[in-house]
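Have a look at the structure below, then the notes.
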């Protein structure tokens with residue numbers, strides 16, 4: 028235990044510290060010397076791009092792969108950039124952080140970055156950025172050096188597997204990894220989890236195959252628009268045009284009527300899987316494409332999931348509030364709305380709170396059509412971040428199709444977490460890492476970009492027990508900085524994680540060293556549920 032803890036102290040010092048004008052292509056003046064900062068590093072690496080320093084407090088609305096972004100609070104929605112430097116802290120296990128780390132995009136937090144006059148003098152210029160374990164260097168560079176680095180870093184995923192012949196809405200228990208070309212890896216791997224995860228820790232549900240999305244596109248007359256978007260070269264060179272063009276296309280998808288018979292099929296399948304009470308229970312439609320959770324490309328957080336209420340589709344009107352919001356949920360939403368509204372008034376620079384308030388108002392007042400939720404998930408195939416990421420990896424947009432995992436939408440979750448299994452770091456023994464946050468904030472897309480998640484790591488004992496549990500840092504939302512995990516609950520989680528690791532290593536991803544990125548939650552009624560398992564692609568620890 029002592030040796031592991033001393034190793035952890037060094038480990039923490041590295042990982043968590045223990046507690047533009049893009050038309051400016053001129054070579055920078057040599058008078059601008061390198062600028063160096065101490066930093067909290069979420070992803071080391073090197074990059075080159077035009078330095079874009081947003082005014083402090085302004086949100087990041089648009090970006091390009093050739094920009095070095097400086098922003099006060101890290102955005103929730105971001106795809107490919109040359110580097111990301113925030114003044115505020117980030118979550119090392121968020122989808123944002125993991126996507127950047129996967130591509131070795133420099134990503135770090137520097138609290139005093141806006142106070143550097145030397146850095147401000149470089150704004151709009153082409154710069155080189157290097158982020159190591161604890162610090163950052165930024166210096167002027169040339170276009171030749173930048174282009175050489177861009178070419179070296181650009182990866183290629185290769186052709187995507189796709190099956191549009193499957194039309195059955197298969198239950199998770201009947202799915203396997205081999206079904207991913209039809210249902211996406213996210214949904215197919217839920218079927219693999221059924222083979223090893225105890226019943227009490229499973230999520231129940233079914234998959235909607237990608238063929239249903241393809242039918243919607245073709246029957247709705249949207250295929251010519253898909254082709255036009257794919258052929259539009261301006262989307263690559265003009266971030267403002269890309270943002271406008273893709274937004275218009277998503278709105279077009281959301282406004283296109285659902286295929287005939289889709290609602291009846293959904294009602295029948297949901298009732299068979301979840302029971303008749305599902306009509307007034309919110310069900311969640313989780314995106315699951317054939318271009319995510321791959322062995323060479325995670326695509327984490329590119330697409331969206333949405334919840335809907337079948338009773339709202341069948342009530343004959345489009346008026347809210349939703350028939351799936353009961354008295355308990357209404358009280359919860361009202362309390363959350365009051366809390367965030369008060370914070371927004373108290374801290375007027377926190378513009379990222381505005382979407383939270385809007386979402387809570389919508390939860391209280393609007394109808395939540397299940398068909399509308401499905402169309403929003405389909406539309407998210409054309410998110411800015413998804414387009415950028417696919418372009419970066421040279422993925423064929425025409426072969427990307429949207430399937431879904433359908434499950435019950437839990438209310439007022441106690442905790443959300445991401446576990447990383449079998450992590451090898453330098454010469455240390457493999458360990459398991461766990462990043463957790465109270466349910467309302469979240470980990471993979473935290474609604475509060477300044478919130479810090481709880482971080483801990485532990486080892487696997489000889490008898491499959493959790494050993495050498497090391498509490499690294501508390502969650503910012505935890506009362507008195509207390510751990511979010513009891514020893515008993517952590518022991519239960521460890522047993523599940525060890526079993527999943529062994530099963531996936533042999534049956535799903537054999538023949539190579541494997542680490543997994545596993546999403547999980549503790550529900551309002553105190554159940555531990557495993558939500559998702561995908562390969563963890565980074566060679567670095569998640570903190």
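In the numbering used here, the protein residues as written are 28 to 570. Ideal placement from N, C-alpha and C gives every residue a C-beta, glycine not left out.
Taken through DSSP and simplified to helix, strand or coil, residue 219 comes out as helix. A straight line joining the alpha-carbon of residue 384 with that of residue 535 spans about 41 Å. The beta-bridge partner set that DSSP reports for residue 73 consists of 157.
Pairing residue 119 with residue 344, the inter-Cα distance amounts to about 44 Å. The C-beta distance from residue 298 to residue 249 rounds to 29 Å, too long to meet the 8 Å contact threshold.
Scanning the region 225-301 for uninterrupted beta strand (DSSP E) segments of 3 residues or longer gives 232-235, listed from N- to C-terminal end. Under the three-state reduction of DSSP output, residue 373 falls in the helix class. Going by beta carbons, residue 109 and residue 76 fall inside the 8 Å limit. Between residue 290 and residue 315, the alpha-carbon positions lie close to 20 Å from each other. Residue state for residue 564 is assigned as coil, using DSSP reduced to three classes. The shortest CA-to-CA distance from residue 123 to any of 202, 326, 366, 549 is the one to 326.
Counting along the chain, residue 523 sits inside the alpha helix (DSSP H) bounded by residues 514-534.
Per DSSP, reduced to three states, the secondary structure at residue 124 is helical. For residue 380, the enclosing alpha helix (DSSP H) starts and ends at 380-392. Annotated as proximal: residue 544 and residue 447, with beta-carbon spacing under 8 Å.
Each of 87, 112, 114 was checked against the Cα of residue 102, and the nearest Cα belongs to 87.
Every unbroken stretch of the beta strand (DSSP E) spanning 3 or more residues and falling wholly within the region 408-457 is given here in chain order: 429-435, 442-450.
Closest in C-alpha terms to residue 286, from the list 192, 198, 398, 95, comes 398.
For residue 302, the number of other beta carbons within 10 angstroms of its own is below 16, and it is reported as exposed. A Cβ-Cβ separation of about 11 Å leaves residue 137 out of contact with residue 111 under the 8 Å criterion.
Taking the C-beta atoms as reference points, residue 264 is found no nearer than 8 Å to residue 233.
Counting the other Cβ atoms within 10 Å of the Cβ of residue 214 gives 16 or more, which makes it buried. Comparing C-alpha distances from residue 352 to each of 217, 503, 444, 310 shows the shortest one belongs to 310. The beta carbons of residue 300 and residue 231 sit closer together than 8 Å. In terms of CA proximity to residue 382, 476 leads the group 226, 438, 476, 205. Counting every other CB atom within 10 Å of its CB across the protein chains shown gives residue 528 a total of 16 or more, marking it as buried. Across the set 107, 141, 162, the C-alpha of 162 shows the shortest separation from the C-alpha of residue 68. One Cα belongs to residue 188, the other to residue 422, and the distance between them is close to 11 Å. Taken through DSSP and simplified to helix, strand or coil, residue 207 comes out as helix. Counting only the Cα atoms, residue 164 lies some 6 Å from residue 62.
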